[in-house]
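These protein sequences, in sequence, are chains E and X.
Residues 1 to 224 (the working numbering) make up the first sequence, in order.
Residues 1 to 224 (the working numbering) make up the second sequence, in order.
Virtual Cβ for every residue (Gly too), placed ideally from N, Cα, C.
All values reported here derive from a predicted model rather than from experimental measurement.
Protein chains: 2
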Amino acid sequence: MITSLSSSSPVASTAEEEAYLYLQRSLRLGRYKAGDRLIPEDIAAEIGMSRMPVREAFRRLAADGLVTLRPNRGCVVAGLTLDELNETFEIRSVLEGLAVRLALPKMTAEHFEELDRLLLRMERAGEAGSSDWVLRHQEFHAYIYGLSARPKLIRQIAALHVAIEPYMRIWLDYAEKPLSAREEHQALIDALRSGDVAQAERVMEDHVLGTASLLAEFATPGRR
Amino acid sequence: MITSLSSSSPVASTAEEEAYLYLQRSLRLGRYKAGDRLIPEDIAAEIGMSRMPVREAFRRLAADGLVTLRPNRGCVVAGLTLDELNETFEIRSVLEGLAVRLALPKMTAEHFEELDRLLLRMERAGEAGSSDWVLRHQEFHAYIYGLSARPKLIRQIAALHVAIEPYMRIWLDYAEKPLSAREEHQALIDALRSGDVAQAERVMEDHVLGTASLLAEFATPGRR
DNA sequence: GTTTGGATAAGTGGATACAAAAATCCAGTG
DNA sequence: CACTGGATTTTTGTATCCACTTATCCAAAC
Numbered sequence: 001m002i003t004s005l006s007s008s009s010p011v012a013s014t015a016e017e018e019a020y021l022y023l024q025r026s027l028r029l030g031r032y033k034a035g036d037r038l039i040p041e042d043i044a045a046e047i048g049m050s051r052m053p054v055r056e057a058f059r060r061l062a063a064d065g066l067v068t069l070r071p072n073r074g075c076v077v078a079g080l081t082l083d084e085l086n087e088t089f090e091i092r093s094v095l096e097g098l099a100v101r102l103a104l105p106k107m108t109a110e111h112f113e114e115l116d117r118l119l120l121r122m123e124r125a126g127e128a129g130s131s132d133w134v135l136r137h138q139e140f141h142a143y144i145y146g147l148s149a150r151p152k153l154i155r156q157i158a159a160l161h162v163a164i165e166p167y168m169r170i171w172l173d174y175a176e177k178p179l180s181a182r183e184e185h186q187a188l189i190d191a192l193r194s195g196d197v198a199q200a201e202r203v204m205e206d207h208v209l210g211t212a213s214l215l216a217e218f219a220t221p222g223r224r
Numbered sequence: 001m002i003t004s005l006s007s008s009s010p011v012a013s014t015a016e017e018e019a020y021l022y023l024q025r026s027l028r029l030g031r032y033k034a035g036d037r038l039i040p041e042d043i044a045a046e047i048g049m050s051r052m053p054v055r056e057a058f059r060r061l062a063a064d065g066l067v068t069l070r071p072n073r074g075c076v077v078a079g080l081t082l083d084e085l086n087e088t089f090e091i092r093s094v095l096e097g098l099a100v101r102l103a104l105p106k107m108t109a110e111h112f113e114e115l116d117r118l119l120l121r122m123e124r125a126g127e128a129g130s131s132d133w134v135l136r137h138q139e140f141h142a143y144i145y146g147l148s149a150r151p152k153l154i155r156q157i158a159a160l161h162v163a164i165e166p167y168m169r170i171w172l173d174y175a176e177k178p179l180s181a182r183e184e185h186q187a188l189i190d191a192l193r194s195g196d197v198a199q200a201e202r203v204m205e206d207h208v209l210g211t212a213s214l215l216a217e218f219a220t221p222g223r224r
């Protein structure tokens, strides 16, 4: 059972893998700003290898949508405009809705109990938005998606989460209004318990889109 | 306006780009079988370059899901099990449904006329399944998705099409029963003309899933 | 003061060389 | 005759080098 929304294994067996994980981590933590140029030589020096594996890592990051690669122009940290960010949430909403639709028919009483436990753990992890809470929150969602038993779907969802993460971080820092986290997730569980697939799917879609609209409030229209 | 479902520009300005396009083409045309190993040195020799750009092309192909890359094990042509193939269609159905949902509100009378023209061109391109017809069919769909004005969504859809293409080709070769192509696409246009967003979205979802179930008939359960 | 051209520096792309890992082959053993 | 262990071959991964493209900077011209 997949319980993590990370898009790749955490073991770096090759230099390329190490570079990839290092850069992904740096990007997710917001070490670079959108538009920053990543110079292979510098990064290679930081982690003690040559430019070559770093270049290949760039290619993978580009595929993840975290950086942009142009011939002879190097590697630039990708920025999402508000439009692109919203688009990503739209895509997430249908994919995560689909995951719920596929997961629900497989759910048994034990699964619901586990969801209750995960929700509890999430609440106990602190403020909605704290880094512990974010982890538990991902766990909660990943658990549901995992039940769909659709590896490709899960990977796609994970990739979108990775791409949005830097922005979420900014947003969470600003979050003044308390997230209606408890209510929303309880509603999600309730919808699942009701067994109404279409309803559960819609609740998940709305949950994801709700996050997007919340995010929009803190972003200025032209913002990258 | 994006009118092609190809996932990248066709101009090869660098050796890596050339290798990528060459390999993508070979894979889409079914030159290799699933499980075949791609030897960088051989491919490099074929197109007259060193292994290095070929290696980088491999990474991009892996991101597209066309090949699998394992450390020290090289590059293997990806195979989709019937389950994975069905999963891909499930994902396509919600993404293409979303595209329709977003496109419809922007459609005017001219757009509908263009759709009529595209359908006509598709019919005139020959047998459903011929390579000309496939192209026109893609054009038809791409036109609708393009109207959604969601670049990322369109790219994701395109990527899934590329991944499935080799299988579609096999399937189309076997297709004995006439595709109900005309009726299905006319129904799609009708649904769009009705202006009922939810209905149009559902028609598109069914259209995509219908293709999947048709495909399933020709595949043996354990097939790669 | 702004613009333009070109020298110079910086950086990228690709090829070759070398090291390390995996696959293959083969002889010896049970 | 199947199996094991190790040498050999093949292939992959990484570093270094060179050629070429792009960016930067400065001076001369308008």
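Using 8 Å for Cβ pairs, my map puts residue i next to residue j. What's the rounded Cβ distance?
{"i": "Arg136/E", "j": "Val208/E", "result": "The pair is not a contact, with the Cβ atoms about 17 Å apart (cut-off 8 Å)."}
{"i": "Thr88/E", "j": "Leu160/E", "result": "6 Å"}
{"i": "Arg25/E", "j": "Pro40/E", "result": "Not really, about 17 Å apart at Cβ, beyond 8 Å."}
Taking residue i as the reference, give the member of the options with the closest Cα.
{"i": "Pro105/E", "options": "Met122/E, Asp36/E, Ala200/E and Gly79/E", "result": "Ala200/E"}
{"i": "Gly146/E", "options": "Ser13/E, Val203/E, Leu38/E and Glu96/E", "result": "Glu96/E"}
{"i": "Ala45/E", "options": "Ser131/E, Gln138/E, His141/E and Ala19/E", "result": "Ala19/E"}
{"i": "Glu205/X", "options": "Ile47/E, Glu183/E, Arg37/E and Leu98/E", "result": "Leu98/E"}
{"i": "Glu110/X", "options": "Trp133/X, Glu139/X, Asp42/X and Tyr143/X", "result": "Tyr143/X"}
{"i": "Asp83/E", "options": "Val77/X, Arg150/X, Asp42/X and Glu114/X", "result": "Arg150/X"}
{"i": "Ile189/X", "options": "Leu115/X, Leu61/X, Ala181/X and Met122/X", "result": "Leu115/X"}
{"i": "Leu38/X", "options": "Ser213/X, Gln138/X and Gly74/X", "result": "Gly74/X"}
{"i": "Ile47/E", "options": "Gln138/E, Gly210/E, Arg59/E and Leu23/E", "result": "Leu23/E"}
Under 7 Å Cβ to Cβ from residue i, same chain only, skipping five residues before and after it: list those, please.
{"i": "Arg193/X", "result": "Phe112"}
{"i": "Arg117/E", "result": "none"}
{"i": "Ala187/E", "result": "Val203"}
{"i": "Met107/X", "result": "Leu147 and Leu192"}
{"i": "Arg121/X", "result": "Arg136"}
{"i": "Leu153/E", "result": "Leu95, Leu98 and Ala99"}
{"i": "Glu123/X", "result": "Arg182"}
{"i": "Thr211/E", "result": "Phe89"}
{"i": "Glu127/X", "result": "Trp133"}
Chain E partners of residue i, CB-CB under 9 Å?
{"i": "Pro71/X", "result": "Ser13, Thr14, Glu16 and Glu17"}
{"i": "Ala63/X", "result": "Arg59, Arg60, Ala62, Ala63 and Asp64"}
{"i": "Gln238/X", "result": "The shown model of chain X, from 1 to 224, leaves out residue 238/X, and the question about it has no answer."}
{"i": "Leu120/X", "result": "Neighbours of Leu120/X on chain E: none; closest Cβ ~31 Å, over 9 Å."}
Excluding the five sequence neighbours on either side, which residues of its own chain have a C-beta within less than 6 Å of the C-beta of residue i, listed in chain order?
{"i": "Val197/E", "result": "Arg101 and Leu104"}
{"i": "Glu16/E", "result": "Pro53, Glu56 and Ala57"}
{"i": "Met49/X", "result": "Ala15"}
{"i": "Gly222/X", "result": "In this prediction, Gly222/X has a pLDDT of 43, which is less than 50 and means its spatial position is unreliable; nothing more can be read from the coordinates."}
{"i": "Ala125/X", "result": "Asp132, Trp133 and Arg136"}
{"i": "Leu119/E", "result": "His185"}
{"i": "Thr220/X", "result": "Reliability of the predicted coordinates at Thr220/X is poor, the pLDDT of 49 falling under 50, and no value is obtained from them."}
{"i": "His141/E", "result": "none"}
{"i": "Ala62/E", "result": "Leu69"}
{"i": "Ile43/X", "result": "Val54"}
At a CB-CB cut-off below 8 Å, which residues of chain E make contact with residue i?
{"i": "Thr88/X", "result": "Lys152"}
{"i": "Leu95/X", "result": "Ile91, Val94 and Leu95"}
{"i": "Glu56/X", "result": "Arg55, Glu56 and Arg59"}
{"i": "Leu115/X", "result": "Residues of chain E passing the Cβ test: none, with the nearest at roughly 23 Å."}
{"i": "Leu135/X", "result": "Within chain E, no residue comes near Leu135/X; the closest Cβ sits about 26 Å away, beyond 8 Å."}
Spatial neighbours of residue i within its chain, please: C-beta separation below 8 Å, excluding the five flanking residues on both sides.
{"i": "Thr14/E", "result": "Pro53"}
{"i": "Gln156/X", "result": "Leu95"}
{"i": "Leu215/E", "result": "Leu85, Phe89, Tyr167, Met168 and Trp171"}
{"i": "Arg59/X", "result": "Leu69"}
Could you work out which residues of chain X lie near residue i, taking near to mean beta carbons separated by less than 7 Å?
{"i": "Glu84/E", "result": "Lys152"}
{"i": "Leu27/E", "result": "Under the 7 Å cutoff, chain X gives no residues; its nearest Cβ is about 16 Å from Leu27/E."}
{"i": "Leu23/E", "result": "None at all; the shortest Cβ gap to chain X is about 14 Å."}
For a contact defined as C-beta to C-beta under 7 Å, what are the partners of residue i on chain E?
{"i": "Leu38/X", "result": "What Leu38/X touches in chain E: nothing, since even the nearest Cβ is about 16 Å away."}
{"i": "Leu209/X", "result": "Going along chain E, no residue has its Cβ under 7 Å from Leu209/X, so there is no contact; the nearest lies around 12 Å."}
I want to verify the contact list: residues of chain X whose CB lies under 8 Å from the CB of residue i, in sequence order.
{"i": "Leu215/E", "result": "The contacting residues do not exist; Leu215/E stays about 16 Å from chain X at best."}
{"i": "Leu147/E", "result": "Under the 8 Å cutoff, chain X gives no residues; its nearest Cβ is about 14 Å from Leu147/E."}
List the residues of chain X whose Cβ lies closer than 9 Å to the Cβ of residue i, in chain order.
{"i": "Leu104/E", "result": "Neighbours of Leu104/E on chain X: none; closest Cβ ~14 Å, over 9 Å."}
Could you tell me whether any non-hydrogen atom of the ligand NAD is closer than 8 Å to the CB of residue i?
{"i": "Ala109/E", "result": "As far as ligands go, the structure on display features none, and thus does not contain the ligand NAD."}
- Item | Three CB pairs or more closer than 8 Å across the segment 17-37 of chain X and the segment 160-168 of chain X | yes
- Message: Under 8 Å, with one C-beta from each stretch per pair, do the segment 67-84 of chain X and the segment 64-72 of chain E reach the 3-pair mark?
- Response: no
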